[in-house]
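> I have a structure I would like to understand better, so I am pasting it below and will then ask my questions one at a time.
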Amino acid sequence: DLSTDDFLELTNAGDAPIDVSGWSFTAGITGALPSGSVIPAGGRLVGSPDAGRFQTVYGFAPDFVYTGNLSNSGEQVTLVDAGLATVDTVTYADLGDWPGAPDGNGPSLELRGLLSDNTDPFNWGASTVTGGTPKAVNTLDGTAPPPQVRNLTVNPLRPDPGQAVTVSARLPVGSTATLAYKV
Numbered sequence: 048d049l050s051t052d053d054f055l056e057l058t059n060a061g062d063a064p065i066d067v068s069g070w071s072f073t074a075g076i077t078g079a080l081p082s083g084s085v086i087p088a089g090g091r092l093v094g095s096p097d098a099g100r101f102q103t104v105y106g107f108a109p110d111f112v113y114t115g116n117l118s119n120s121g122e123q124v125t126l127v128d129a130g131l132a133t134v135d136t137v138t139y140a141d142l143g144d145w146p147g148a149p150d151g152n153g154p155s156l157e158l159r160g161l162l163s164d165n166t167d168p169f170n171w172g173a174s175t176v177t178g179g180t181p182k183a184v185n186t187l188d189g190t191a192p193p194p195q196v197r198n199l200t201v202n203p204l205r206p207d208p209g210q211a212v213t214v215s216a217r218l219p220v221g222s223t224a225t226l227a228y229k230v
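With our numbering, letter number 97 in the sequence shown gets 144, and the count goes up by one each step, no holes.
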């Protein structure tokens, strides 16, 4: 969990600007958006826990700073408006149906489409750019989710040499899958 490399992006998918002054995060991370914060139509605001590090890595300052970190193993992040009404909440993980690659020093976790159901792990994927694309269109924007292999389990997760491994999954009726593995 490299908290200084974390960033979180808020995107306005609407046709009009949204004043987000005083909106705050109440789960996962904490912090309020500064007074005068407006997300233009189709625009983005980016937050980071470390403004200096973000500036060094991405070449521009974040729009806001939050405290805490985004856990690489997953957690819930909740955004509330100035009246404390929940605007959105996302619970992500790195197990089960969630993509495993965005877990630390690699790509960021991206939503495939801004109007996609963000509670469905298949609507998320790993950015095709290491580190992600803050303040820019997601690299996966408009891409179709992969075939929905659900309830994937591996037992044991970290086998001993020569130990048998059982892999099970649910696939849509009539579909096929290929299992690839790496030792």
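The beta carbon of each residue, even a glycine, is placed where N, CA and C say it ideally should be.
Bear in mind that the values here come from a model prediction, so they are computed numbers and not experimental data.
With the cut-off set at 7 Å, would you say Thr200 and Ser215 are in Cβ contact?
yes
> Considering only residues of the segment 69-146, which uninterrupted beta strand (DSSP E) runs meet the minimum length of 3 residues and lie entirely inside it, listed in chain order?
71-74, 91-95, 121-127, 133-140
> Bridge partners of Val214, per DSSP?
Val201
> Give a yes or no on whether the C-beta atoms belonging to Pro181 and Phe54 are separated by under 7 Å.
The answer is yes: Cβ separation under 7 Å.
> Which class does Pro194 belong to by DSSP, given the choice of helix, strand or coil?
coil
> Are Pro64 and Pro81 closer than 7 Å when you measure CB to CB?
Judged by their CB atoms, Pro64 and Pro81 are not nearer to each other than the 7 Å cut-off.
> Closer than 7 Å by C-beta to Gly83: which residues in its own chain qualify, once you throw out the five before and the five after it? Chain order, please.
The residues are Ser68.
> For Thr107, count neighbouring Cβ atoms within 10 angstroms of its own Cβ and tell me buried if that reaches 16, exposed if not.
Rather than Thr, the amino acid found at residue 107 in this sequence is Phe. Exposed: under 16 other Cβ atoms inside 10 Å.
> For the beta strand (DSSP E) that Leu156 lies in, which residues bound it at each end?
154-158
> Go through its chain and collect everything with a Cβ distance to Ser95's Cβ below 6 Å, but skip five positions before and after it.
Phe54, Phe101, Pro109
> Once the 5 residues before and after Asn185 are set aside, which same chain residues still bring their CB inside 6 Å of it?
Residues of the same chain with a CB within less than 6 Å of the CB of Asn185, apart from the 5 flanking positions on each side, are Glu157 in chain order.
> Could you give the C-beta distance for Val127 and Thr213, rounded to a whole number, given that I count them as a contact under 8 Å?
Actually they are not in contact, since the Cβ atoms of Val127 and Thr213 sit about 43 Å apart, beyond 8 Å.
> Between the beta-carbon of Gly75 and the beta-carbon of Gln123, is there less than 7 Å?
yes
> Cα separation between Leu161 and Asp167?
Approximately 13 Å between the Cα atoms of the pair.
> What residue from Pro149, Trp145, Leu57 has the CA that sits closest to Val112's CA?
Leu57
> With DSSP run on the structure shown, which of helix, strand or coil describes Asp52?
helix
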